[in-house]
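Reviewing the structure listed below.
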Amino acid sequence: MRAWLDVRAGVAGDMLMGALVDAGADLEGVQAAVRAVAGEGVRLRREPVLRAGLPASKLHVDIVADRSGPRTLARLCAEVEQSSLAEDTKALALRVLRRLGEGYSRGYGIDPDEVALQEVAALDVLTDVVGDCEALRLLGVDSVTASPLALGSGRIRTSHGDLEVPVPAVAELVRGWPVVTLGPAVDAGEAAPEEPHPLRDAADRYVPLAGITGDEGMLTEEPAQVVDGRGLGELATPTGTALLRCFASACEPEPPAFPITIGVGAGGRDTPGRPNVVRVLLA
-18 MRAWLDVRAG VAGDMLMGAL VDAGADLEGV QAAVRAVAGE GVRLRREPVL RAGLPASKLH
42 VDIVADRSGP RTLARLCAEV EQSSLAEDTK ALALRVLRRL GEGYSRGYGI DPDEVALQEV
102 AALDVLTDVV GDCEALRLLG VDSVTASPLA LGSGRIRTSH GDLEVPVPAV AELVRGWPVV
162 TLGPAVDAGE AAPEEPHPLR DAADRYVPLA GITGDEGMLT EEPAQVVDGR GLGELATPTG
222 TALLRCFASA CEPEPPAFPI TIGVGAGGRD TPGRPNVVRV LLA
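In this note's numbering, the protein residues as written are -18 to 264.
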């Protein structure tokens, strides 16, 4: 099975997972793989939504934090290594995590083994990486290409301060991959107020400061805050970009073959006139 990823509106791990599940990957199978590395602390929910009028699947990653503190990417790799995941999924997930670590390392000038993510962010990354790799395996995909990538624009709020888009890790990860430039957002909304944030005191230096909603201990991250309401914000996340670079062997502006199945995964925002989605076309 061949897959072509349409990332001309950007890419994030949950968007890609939503597209793969929408294309037919068994959600229960993906959940089982996530459970193998994250235990019962992460639950996946699929919600049918519209993005600029386009039907899509929003894959929610709900996290019950266990207050174990920050986790290094090296620890996440060890958890994948020691898991019961299918060997193909395990090997690909390790490639993605190491690629992600290299991006953070080069972008922020730190040793890869010292890259540490706040607990919620670490579980979110682990879920996205393992879930996407398992979804690809469940679909029987053995060849992947992808479109040029939209990066976004403006500035976003991170635990390291306000940074230009693309943030340093994405700028490193996207090296050598064609990108597309989108016009200004129709309405980026008002600037997020300055107030205490659950991720601001994390050990890491690069977590995008998003809204975190919660109910009875369940946490769900929302899109990164756009500074001053200007620009499109972060359309390509570090995790999504690392997944793209490890999945796709080449960039192709158009799908290489007539698709037999199409899956559409939604991002958190609904921008008028611009569907905030990742599409996967299987042939």
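Glycine included, C-beta positions come from ideal geometry on N, C-alpha and C.
For clarity, every value in this text was computed on a predicted model and none was experimentally measured.
In this structure, the beta-carbon distance from Leu130 to Leu225 falls below 8 Å. Under DSSP, Trp(-15) shares a beta bridge with Thr126 and Leu262. Residue Gly34 holds the alpha-carbon nearest to the alpha-carbon of Pro256 among Ala(-7), Ser86, Leu1 and Gly34.
Your pair Ala205 and Arg138 checks out as a contact, with CB atoms roughly 7 Å apart and the cut at 8 Å.
Judged by pairs of C-beta atoms under 8 Å, the segment 114 to 133 touches the segment -12 to -2, as three or more such pairs exist.
Following the DSSP letters along the chain, one finds Asp109 inside the alpha helix (DSSP H) bounded by residues Glu100 to Leu119. Val96 and Val23 have their C-alpha atoms spaced approximately 22 Å apart. The C-alpha of Ala150 lies about 13 Å from the C-alpha of Val77.
Distances from the CA of Ala4 to each of Leu117, Ala231 and Glu145 were compared; the closest alpha carbon is that of Leu117. Gly(-1) is positioned such that its CB atom lies closer than 8 Å to that of Ala247. With distances taken between CA atoms, Gln12 lies nearest to Gly112 out of Gly112, Pro147 and Leu73.
In the displayed model, Gly254 falls within coil according to three-state DSSP, outside both helix and strand. In this structure, the CA atom of Val30 is about 26 Å from the CA atom of Val125.
Relative to the Cα of Leu40, the nearest Cα in the group Leu263, Pro240 and Asp109 belongs to Asp109. As DSSP reads the structure, Leu40 sits in a beta bridge with Arg27. Residue state for Leu225 is assigned as helix, using DSSP reduced to three classes.
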